[in-house]
Structures are given as C-alpha cells and as structure tokens.
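**Q** This is the structure I have questions about; it appears just below.
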Amino acid sequence: MAKTIMTVDDSSSVRQMVGMTLKGAGFTVVEAVDGADGLNKAKANTLDMVITDLNMPNMDGIALITALRALPNYKFTPIVMLTTESQATRKQEGKSAGATGWIVKPFKPEQLLDVVKKVLG
Amino acid sequence: MNVAIDTSAFTEEAYELLSELEDSLLELEASPTDQELISRVFRAMHTIKGSGAMFGFDAVAEFTHEVETVFDMARNGTIPVTKALIDLTLAARDQIRSMLDAAAGGEPANEANAKRIITGLRALSNKDGGAQTAPTAPQGKTQTKASPDEPNLFRIRFKPHQDIFSTGTNPLLLLNEIRELGECRIVANTESYPDFDSMDPETCYTAWEIFLTATVNENAIRDVFIFVEDECDLNIRLLDQESGMVDAPGKKIGQILVERGDINPQALEHALQPLGDRLVQAGAVSPDRVRAALTEQLVIQEKQEKKKATETTTSVRVPSEKLDTLVDLVGELVTMQARLNQTAGTLGDHTLQLIAEEVERLTAELRDNTMSIRMLTIDTTFNKFKRLVRDLSTELGKEIELVTAGGETELDKTVIDQLNDPLVHIIRNSIDHGVEPPDARRAKGKNPVGKITLAAIHSGASVLIRVEDDGAGLDAKKLRAKGIEKGLISPDDEMSEKEAFQLIFAAGFSTAAKITNVSGRGVGMDVVRRSIEGLRGSIDVNSTLGKGTTITLKLPLTLAIIEGLLVKVEGENYVLPLAAVEECVELSREDVHKAHGRHVINVRGEIIPYIRIRDRFEIEGTAPQIEQIVISEVDEKRIGFVVDNVIGQHQTVIKTLGKNFQHSEEFSGATILGNGDVALILDLNKMVRYVEDEETKETETL
Numbered sequence: 000m001a002k003t004i005m006t007v008d009d010s011s012s013v014r015q016m017v018g019m020t021l022k023g024a025g026f027t028v029v030e031a032v033d034g035a036d037g038l039n040k041a042k043a044n045t046l047d048m049v050i051t052d053l054n055m056p057n058m059d060g061i062a063l064i065t066a067l068r069a070l071p072n073y074k075f076t077p078i079v080m081l082t083t084e085s086q087a088t089r090k091q092e093g094k095s096a097g098a099t100g101w102i103v104k105p106f107k108p109e110q111l112l113d114v115v116k117k118v119l120g
Numbered sequence: 000m001n002v003a004i005d006t007s008a009f010t011e012e013a014y015e016l017l018s019e020l021e022d023s024l025l026e027l028e029a030s031p032t033d034q035e036l037i038s039r040v041f042r043a044m045h046t047i048k049g050s051g052a053m054f055g056f057d058a059v060a061e062f063t064h065e066v067e068t069v070f071d072m073a074r075n076g077t078i079p080v081t082k083a084l085i086d087l088t089l090a091a092r093d094q095i096r097s098m099l100d101a102a103a104g105g106e107p108a109n110e111a112n113a114k115r116i117i118t119g120l121r122a123l124s125n126k127d128g129g130a131q132t133a134p135t136a137p138q139g140k141t142q143t144k145a146s147p148d149e150p151n152l153f154r155i156r157f158k159p160h161q162d163i164f165s166t167g168t169n170p171l172l173l174l175n176e177i178r179e180l181g182e183c184r185i186v187a188n189t190e191s192y193p194d195f196d197s198m199d200p201e202t203c204y205t206a207w208e209i210f211l212t213a214t215v216n217e218n219a220i221r222d223v224f225i226f227v228e229d230e231c232d233l234n235i236r237l238l239d240q241e242s243g244m245v246d247a248p249g250k251k252i253g254q255i256l257v258e259r260g261d262i263n264p265q266a267l268e269h270a271l272q273p274l275g276d277r278l279v280q281a282g283a284v285s286p287d288r289v290r291a292a293l294t295e296q297l298v299i300q301e302k303q304e305k306k307k308a309t310e311t312t313t314s315v316r317v318p319s320e321k322l323d324t325l326v327d328l329v330g331e332l333v334t335m336q337a338r339l340n341q342t343a344g345t346l347g348d349h350t351l352q353l354i355a356e357e358v359e360r361l362t363a364e365l366r367d368n369t370m371s372i373r374m375l376t377i378d379t380t381f382n383k384f385k386r387l388v389r390d391l392s393t394e395l396g397k398e399i400e401l402v403t404a405g406g407e408t409e410l411d412k413t414v415i416d417q418l419n420d421p422l423v424h425i426i427r428n429s430i431d432h433g434v435e436p437p438d439a440r441r442a443k444g445k446n447p448v449g450k451i452t453l454a455a456i457h458s459g460a461s462v463l464i465r466v467e468d469d470g471a472g473l474d475a476k477k478l479r480a481k482g483i484e485k486g487l488i489s490p491d492d493e494m495s496e497k498e499a500f501q502l503i504f505a506a507g508f509s510t511a512a513k514i515t516n517v518s519g520r521g522v523g524m525d526v527v528r529r530s531i532e533g534l535r536g537s538i539d540v541n542s543t544l545g546k547g548t549t550i551t552l553k554l555p556l557t558l559a560i561i562e563g564l565l566v567k568v569e570g571e572n573y574v575l576p577l578a579a580v581e582e583c584v585e586l587s588r589e590d591v592h593k594a595h596g597r598h599v600i601n602v603r604g605e606i607i608p609y610i611r612i613r614d615r616f617e618i619e620g621t622a623p624q625i626e627q628i629v630i631s632e633v634d635e636k637r638i639g640f641v642v643d644n645v646i647g648q649h650q651t652v653i654k655t656l657g658k659n660f661q662h663s664e665e666f667s668g669a670t671i672l673g674n675g676d677v678a679l680i681l682d683l684n685k686m687v688r689y690v691e692d693e694e695t696k697e698t699e700t701l
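Protein sequence lines correspond, in order, to chains A and B.
83 is the number that numbering that gives the first Met the number 0 gives to position 84 of the first sequence; each next residue is one higher, with no gaps.
662 is the number that numbering that gives the first Met the number 0 gives to position 663 of the second sequence; each next residue is one higher, with no gaps.
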C-alpha cells in the first residue's frame, strides 16, 4: 500500500513542488497550509511521514512537531523539517521537539526523495 | 515564502573555524604525519563547506570543496602533507576569510587568487595526471570526493541514545543505508538490555558495531548519520591505518597459524570462543563485545587475505629472456601456420582448410597476446627524467619544471630500453641550449621558470614522443651559417627553415658556443637520430624562434613485428617496411630510355630518383620488360626502389640475422615465408645513405 506523507507549508509553490515530487515517487500526499491545519489533518488521516516548514502563521513548525509527538499515533512517525534557518538555533529547536531530520531550502527533488528514503526506508 | 536568510550564525561559526584551522595548520607543519591534526583540518573545511552551501555561500562552498578534496587525499595517505600543501591551504584559508568579509560588505575577494590556489592544489593532488584530469566544480551539496581505489576497512561504533525513537528515527534504516555503501558485517551489542519485565519498548537499548569495507571516505559514512549526530555516540575508525591492526608486528599464535594455512579463521574463532567465555564468566567483558572483537579480527583477516590474493594475481615477474623465447616460438608458429594455410589450399581438402583457418585465428590471437606481454608503460622512463631535469637545471642555475603526459602509453620493452639514452640527450639539449637562464627569460617577459614537456601519445601503429621546451628556439640563420662553416652545406645552397633545422642531425654539428658539462660531450643529435632509426623510428624537429623547440620521436609499437610489402627480384624475396611505402608505379623500358641512363623517373610531374635492387645486390638475370617501382619516403624525400614484382602486404615476425651477417646494415632482419622461403627485410634509410655515400665518393674520385 502506498505510504501517505503530509506536506505542511504556507507557501503554495513549496507544497506543490513537494507534492509533485512525492506523488511522482508513488506516495499518497496530504497537503496542509499551516501548523493548525496540519495537526487537524494528521488526526483525520493515518500518516507515515510529515514534512513541515518551520515559519508559518497559525502554529509554526516547532509547535506542530511538539503537538504531533504528543499524539500516541505520531510518537514515532518520521517528521522532517524544511529549513533555511540558522543551523545552530532553529534546527536544534526542531530536533529537541522531536524532528527526525531536516531538508535545507532550496533543495532539488532528488534531495527530497533521498531524505524520504533515509527516514522512511 | 520565507523571510530573508539569517546568515550571521554561519559567518560567526565560519570565522571561528577559520582561526582554528590556522592553528591546526601551523601545528601540522611541525608534525606533518599527525593523523588527528589532518582530520581536524579536514573537519573544519568540511563544516565550512557544508554550512556554506546551506546558507547560500555557494562560492565559499565551491572553493572550500577543492581544498577539502585535496586534504581528504592527505588524510587517506594518497598524498603527503608537504610544506607546499600547507602553504596553499593557509592561502586558501585567507581566501575563504576574504570571501566571507566580502559577503559581509567588505572588499570583494580576489578571484584570480582563488584560481591560483585551486590550480596549485589540483597540481598537488594529481602530480602525474596533467591538467586534463582536473575535477569539475561540484553541483550538489553532497558530492563525490576523490576516494581511493582500494577499499577501506572501517569500524563504526553506533550507539543511539535511548530516546532516539522519540524523534521518529528507525536505526535499522541507517544500518541499511550503511549496507548500501559496501560490504558490511554488523554485530549488535545487547549488553544494555534490561530484564524482560523492566523493558520499555519505546527505548532503544541496542548498540551496533559495523565493519564496513568500502571505497568511500569517512564523510560518506558520517553523512548517513547526519540526522542523529546529536542523538547517538558515533565512533568511526579506519582500521587499515591503525598501527598494529592490519600489519601487526607481534602476531598472535592463532593469527600465525591462520596465515600459514594450518587452520582457517573459523577454526580459530571456534578455539578462541572458550577464552572469551572465560573472560565473560570472570565478568571482565560482555559476550557481545567478545563477538564484536572476533568479528573485527575476522574482517581484518579477510581483508589481509584479499590483499595478498590481489598482490599475487596482479603481476608475475618473468625473466625477459623467457619472453624473448616465447616471442621467437610464436614467430615460428606464425610461419608454420602460413605454411599450413598454403598446403591446405593446395591439397583442396575442405576439412583441412577449416582447421587451417581456425589455427590462423588462434595464432593471430596468440601473437597479439604475446606481443602485449612485452609492452610496458613509459612512465618509469618518464619519471627518471624528473630527477635529471632537477639536478641539471640546478647545476646550470636554471629553473625548469618538467611536465609529463601520457605516461600510461605502452611500448615494447626493447624500444623503451633503447629509448632512454636518446631521450636523455634530447632533454639535456633542451636544458642546456633551449631554456634560457631566469634573468634572460625575465628580460624577454617569459615566466622565469622554464618548462619542458615530455609527452607520449598513440598514433596508429606508432607512438609519438614529444619533448617540448619553451626556451629560445632554433635560429635558422645561425644554423645555416654554422652549416656553411662546418662545410656541411655550400653557401649557395637554398634552404627552407625546416631544412635548416634538419642540420642539427648532421654529424659533427654543434651550435653551442661553449662546451658544458651537460651537453656537447661529442655525442651529437646525429647519434640520437641513428639510435631512433635503429628502432625503426623517425625524429622530427620543429621550432619557433624565441618560443621554444619541439622534438618529436615516432616509434613503432613493437620491434618484433613489421607490416611489410613483399616484393620479388628474380627468385629473391624482400620486404620493405610498409610504413614508409607511398605508392607503386610501373617502370617500363621506355621510361628508362627517356631518362638517358639516369636513375630518375617522372611521376605525375615530380622527378623521383630510384635505386635498382637488382643492381644493388648484384642479382643475375634479366629484368622483365615492365618493372615495378615502390616509392617510399626516406628522410622526408621520395625515393623509388625498383623490383620485378610486388607480391603484396605481409605482416611478419622479424628474425634477426645471424652473427655472420651483422655487418650487412642494409637489412634490418629476415623473415620466413609460408612456403619456407626466406625474405630479407630492407632498411631503407641505411640503404639510401649507402648509395648517397658511394655516389659522393664517385664524384670526388672523378
């Protein structure tokens, strides 16, 4: 069965790029426009992986990661953050909140798929 | 989509790393073999590159990548840590700093400087390769680095923190990723496992020891663990480089037994098990650690065996006489095979013909194989000259750099052996007469450091060896004057620049004003030319005044086989080297008559002199009404050789003439034909020179 991955980003172009890449690789994709939307959709769906932006209105990425990790269903789900932020600070925050890994923007589709493969198998 | 990138974190980190880098480099200069220091320099570069790329400092990342690549080679032991390397790396460090300053609004960094550093580094990393193998700049963020061809053996200790699952990480996926890198043995360490009752399924208790044999560098392995760097204890060691690991001086009895082949490693492992058991029972060590240690031993053992196996299979030393004998025998076989073909054809037996054809195919293959065994690369010869150039240029107070290219080109061993002296002479000439002293070069606006290029390339069945210098070049006028002075040419001889250059090959010609230690020892270029021609090669010179001189040697791939043109005069067979043959035309009685007894023929408007082989070798009998002229190029002139019949192309194995006939210099050897007849191989250069000498003598006596 195709695995389901949610992409959370307030930028439609990023969602589109991530969505197309993942669909092309055979994944089912759920799109969410911000952290709150992401959290709701995570509850409504069974997700195998989450890819989230960090800077978003309505619950940012770090808060989303923290909230997801608190849900029994998402305790061990791979969550990857998209970041252009300072490696030392935001990335570390994300890791502490429970992120599995990160992808540095801008990235190429292959790099995205490499990371998906790395954390999802 | 996002706010402007905050780069201050990166620049701060980078500045910190750069000052660390400087310290490490200076320390490294004092102790250039310190692996830990090399690794420190490398890690600093790696971090700057990685973070730089992430923060959009692409220029910094690209530049740093070059430095990192070279240092990776130093870390692997591929290249030594030299003062030159440290100098360049320090310069690179300053360059990175000015690039960062520029990004922060300072003065723009000097790009030419960056190029210079990169060129220097590349030169260090591929000393023999020349410029064409320079790596291209990386595109992605994780790029392939120069990794050694021989696989490395790594021991990776991976101990995830107990809460690693809470970040959604599956350690098994990381192990799978490692497996994709190469051959891998993984031992799980379960010593931290609690009692079943107190076990928490959300906690990771397992640690792993991984033995990886792969042609990757440590970075590739670290990249696998990039997301969990802070959530695990990771220890990666290159086992090969640790002293006492692979080439242990004090060997254990078990190890020796295995090496002697008395027992196999599995038996040793079995026997050592009790030792481990005893240690475990004594509470000294956990069973998993014993298992890991045994695996480590096993993996190292396997690597040693593989190494030994490849060492024994890659080359076999054989005395060259044995090879010569083999070549002779194959030569005989080729001859016999030709006879077989002929006989099979005469008898008309279909079955026999099939066999003969098959034997022909096999013989050809055998011959090619045998010849290839005698082929050696020319790089050892080339390398010898590095020292020669260094020493001689120092002696003469000149600065000269020797650049070699095409060292992998293969040539027959005999050719290579006999090539040494001529090349020494040519290079000496270049150093002594060609390249000017530094001051003179500076005055001419040239780089004070002269350059001599030594290059070899394949060209059909020949190899071209080029010796090129960027020195003063040959002065055609001076050469001509000297030629007149030495009586080699007469003052009213018209001569082209090219012909003037040819004068350097004339016997007794030397333009050097003074005789130095280096050249001018009475051995002239005429000797060089003769030795090259002795190898059935040719020599050519080209020069631009003030720019430099190029001497090109054209040599056959092998001396054992010759592509020849088989001709007949009366009952005798002769072979002319096909490389020299240009065309065959008919010579009728009428043509001879028209030339009024002179040995020339008009071929499409060009007057070509010819030599009658019949007369030359005093063969009795009468020539046919229409003879054949084989027109050949000898010493850049077209000369005809008159024979009765042209039989056709003939590839043949050369047999040297017996001692009794060594003085017959007009022949370079002989060959046996399919019907058992012997054909003599003509040395056209020598033959023409003999005839010319005789004619000169005749005119003198007249």
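Glycine included, each C-beta is placed from N, C-alpha and C at the ideal position.
If you're wondering where the values come from, they're calculated on a predicted model, not measured in any experiment.
According to DSSP, is residue 592 of chain B helix, strand or coil?
**A** It is helical.
**Q** Go to residue 491 of chain B, then tell me how far its alpha helix (DSSP H) extends in each direction, as first and last residue.
**A** Careful: residue 491 of chain B lies outside any alpha helix (DSSP H) and carries neither H nor E.
**Q** Just how far apart, CA to CA, sit residue 226 of chain B and residue 198 of chain B?
**A** Residue 226 of chain B and residue 198 of chain B: Cα-Cα distance of roughly 26 angstroms.
**Q** Determine the contact status of residue 618 of chain B and residue 571 of chain B, defining contact as a CB-CB distance below 8 angstroms.
**A** Yes; because the gap between Cβ atoms is below 8 angstroms, this pair is in contact.
**Q** For a cutoff of 8 angstroms on Cβ pairs, would you count residue 164 of chain B as touching chain A?
**A** At least one chain A Cβ lies under 8 angstroms of residue 164 of chain B.
**Q** Thinking C-alpha only, which one of B:649, B:648, B:650, B:667 is nearest residue 656 of chain B?
**A** Selected option, being the one with the closest Cα: B:667.
**Q** Under 8 angstroms Cβ to Cβ from residue 335 of chain B, same chain only, skipping five residues before and after it: list those, please.
**A** No residues qualify anywhere along the chain.
**Q** Can you tell me where the alpha helix (DSSP H) holding residue 533 of chain B begins and where it ends?
**A** That run of the alpha helix (DSSP H) goes 524 to 533.
**Q** Using a Cβ-Cβ cutoff of less than 6 angstroms, which residues in the same chain neighbour residue 28 of chain B once the five nearest sequence positions on both sides are dropped?
**A** Result list for residue 28 of chain B: 85, in chain order.
**Q** By the criterion of Cβ-Cβ separation under 9 angstroms, what are the contact partners of residue 74 of chain A in chain B?
**A** Those are 164, 165, 167, 201, listed as they occur along chain B.
**Q** Is there a Cβ of chain A sitting closer than 8 angstroms to that of residue 229 of chain B, yes or no?
**A** Judged by the 8 angstroms Cβ criterion, residue 229 of chain B is in contact with chain A.
**Q** List, in chain order, every chain A residue whose beta-carbon is nearer than 9 angstroms to that of residue 704 of chain B.
**A** Chain B is shown only over 0 to 701; residue 704 of chain B falls outside these bounds and no answer can be derived.
**Q** Quick one: measure Cβ to Cβ for residue 83 of chain B and residue 116 of chain B, integer angstroms, because I've assumed they're closer than 8 angstroms.
**A** Wrong, their Cβ atoms sit about 12 angstroms apart, outside the cutoff.
**Q** Check residue 469 of chain B in the structure and name its three-state DSSP category.
**A** Residue 469 of chain B: coil per DSSP, three-state reduction.
**Q** What did DSSP end up calling residue 4 of chain A once you bin it into helix, strand or coil?
**A** Three-state DSSP puts residue 4 of chain A in a strand.
**Q** Could you check the C-alpha separation between residue 14 of chain A and residue 6 of chain A for me, to the nearest Å?
**A** Cα to Cα, the separation comes out at about 6 angstroms.
**Q** Measure the beta-carbon distance from residue 28 of chain A to residue 21 of chain A and round it to whole angstroms, keeping in mind my assumption that it falls under 8 angstroms.
**A** That pair is a contact at about 5 angstroms.
**Q** Going by the beta-carbon positions, is the gap between residue 62 of chain A and residue 34 of chain A smaller than 8 angstroms?
**A** In this structure, residue 34 of chain A lies closer than 8 angstroms to residue 62 of chain A by Cβ.
**Q** If you draw a straight line from the alpha carbon of residue 67 of chain A to that of residue 80 of chain A, how long is it in whole angstroms?
**A** If I take the Cα positions, the gap works out to 13 angstroms.
**Q** First and last residue of the beta strand (DSSP E) that includes residue 187 of chain B?
**A** 182 to 188 is the span of the beta strand (DSSP E), which, as asked, contains residue 187 of chain B.
**Q** Which residues does DSSP pair with residue 102 of chain B in a beta bridge?
**A** Answer by DSSP bridge pairing: none, since residue 102 of chain B is not bridged.
**Q** By the DSSP assignment, the beta strand (DSSP E) with residue 650 of chain B in it spans what residues?
**A** That run of the beta strand (DSSP E) goes 644 to 652.
**Q** With a cut-off of 8 angstroms on the beta carbons, I'd call residue 46 of chain A and residue 76 of chain A a contact; round off their distance for me.
**A** Going by Cβ atoms, the distance from residue 46 of chain A to residue 76 of chain A rounds to 6 angstroms, so yes, they are a contact pair.
**Q** DSSP three-state label for residue 74 of chain A, please.
**A** DSSP places residue 74 of chain A in coil when its eight states are reduced to three.
**Q** From residue 171 of chain B to residue 195 of chain B, what does the alpha carbon distance come to, in whole angstroms?
**A** Whole-angstrom Cα-Cα distance: 21 angstroms.
**Q** So, with DSSP's three-state summary, where would you put residue 51 of chain A?
**A** Strand, per DSSP.
**Q** Using a Cβ cut-off of 8 angstroms (strictly closer), state whether residue 226 of chain B contacts chain A.
**A** Chain A, which has a Cβ nearer than 8 angstroms to the Cβ of residue 226 of chain B, makes this yes.
**Q** Mind checking which residues open and close the alpha helix (DSSP H) that includes residue 582 of chain B?
**A** That residue, residue 582 of chain B, is in no alpha helix (DSSP H); its beta strand (DSSP E) goes 580 to 587.
**Q** Could you give the uninterrupted runs of the alpha helix (DSSP H) lying entirely in the segment 154 to 232 of chain B, keeping only those of 4 residues or more?
**A** Those alpha helix (DSSP H) runs which fall completely within the segment 154 to 232 of chain B and span 4+ residues are 170 to 178, 217 to 223.
**Q** Below 8 angstroms on the Cβ atoms is my contact criterion, and I expect residue 681 of chain B with residue 575 of chain B to pass it. Report the Cβ-Cβ distance as a whole number of Å.
**A** Yes, they are in contact, since the Cβ atoms of residue 681 of chain B and residue 575 of chain B sit about 5 angstroms apart, within 8 angstroms.
**Q** Just mark residue 362 of chain B as buried or exposed, buried being the case when its beta carbon has 16 or more other beta carbons within 10 Å.
**A** So residue 362 of chain B counts as buried.
**Q** Is it true that the segment 550 to 559 of chain B meets the segment 475 to 482 of chain B, where meeting means three or more beta-carbon pairs spaced less than 8 angstroms apart?
**A** No, the segment 550 to 559 of chain B does not touch the segment 475 to 482 of chain B.
**Q** Can you name, in chain order, every residue of its own chain whose Cβ lies under 8 angstroms from the Cβ of residue 341 of chain B, other than the five neighbours on each side?
**A** Only 673, 674 meet the Cβ criterion.
**Q** Quick check on residue 107 of chain A: buried or exposed, where buried means 16 or more other Cβ atoms within 10 Å of its Cβ?
**A** Counting Cβ neighbours within 10 Å, residue 107 of chain A comes out exposed, since fewer than 16 surround it.
**Q** Taking the beta strand (DSSP E) that residue 411 of chain B falls in, what are its first and last residues?
**A** From DSSP, the beta strand (DSSP E) with residue 411 of chain B extends over 409 to 411.
**Q** From the beta carbon of residue 242 of chain B, is the nearest beta carbon of chain A less than 8 angstroms away?
**A** Any reading at residue 242 of chain B needs caution, since the residue's pLDDT is 40, under 50, leaving its predicted position unreliable; the model's value is listed next. By this cut-off, residue 242 of chain B is not an interface position.
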